[in-house]
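Its first residue numbered 0, the sequence shown is counted upward by one per residue in numbering that gives the first Met the number 0. Glycine included, C-beta positions come from ideal geometry on N, C-alpha and C. All values reported here derive from a predicted model rather than from experimental measurement. The structure appears right after this line, and notes come after that.
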Amino acid sequence: MTEFTTLLQQGNAWFFIPSAILLGALHGLEPGHSKTMMAAFIIAIKGTIKQAVMLGLAATISHTAVVC
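What follows is the structure, given as structure tokens:
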């Protein structure tokens, strides 16, 4: 952890933050994240794009809170 802290203090965070976002996006594409069920729900209720975005945002925040 000390090496990571040193890298951040040297101004190398520009590399880690985009990498974390990319890895998080790839993680979300893995099986077991209920994407099919959420998509079916939005279609079943004839949901709007805003509702789909809000559902995705809520799922992202709750998943991140549980993982951290």
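Quiz item: Which residue comes first and which comes last in the alpha helix (DSSP H) that contains residue 32?
Solution: No alpha helix (DSSP H) contains residue 32, which DSSP labels as neither H nor E.
Exercise. From the DSSP output, in three-state form, read off residue 10 for me.
Key: Correct three-state label for residue 10: coil.
Practice problem: Return yes when the Cβ of residue 51 is within less than 8 Å of the Cβ of residue 60, no when it is not. | Solution: Taking 8 Å as the cut-off, the beta carbon of residue 60 is found no closer than this to the beta carbon of residue 51.
Quiz item: For residue 46, which three-state DSSP category applies?
Solution: The answer is coil: DSSP assigns residue 46 none of H, G, I, E or B.
Quiz item: Cα separation between residue 3 and residue 47?
Solution: Straight-line Cα distance between these residues: approximately 42 Å.
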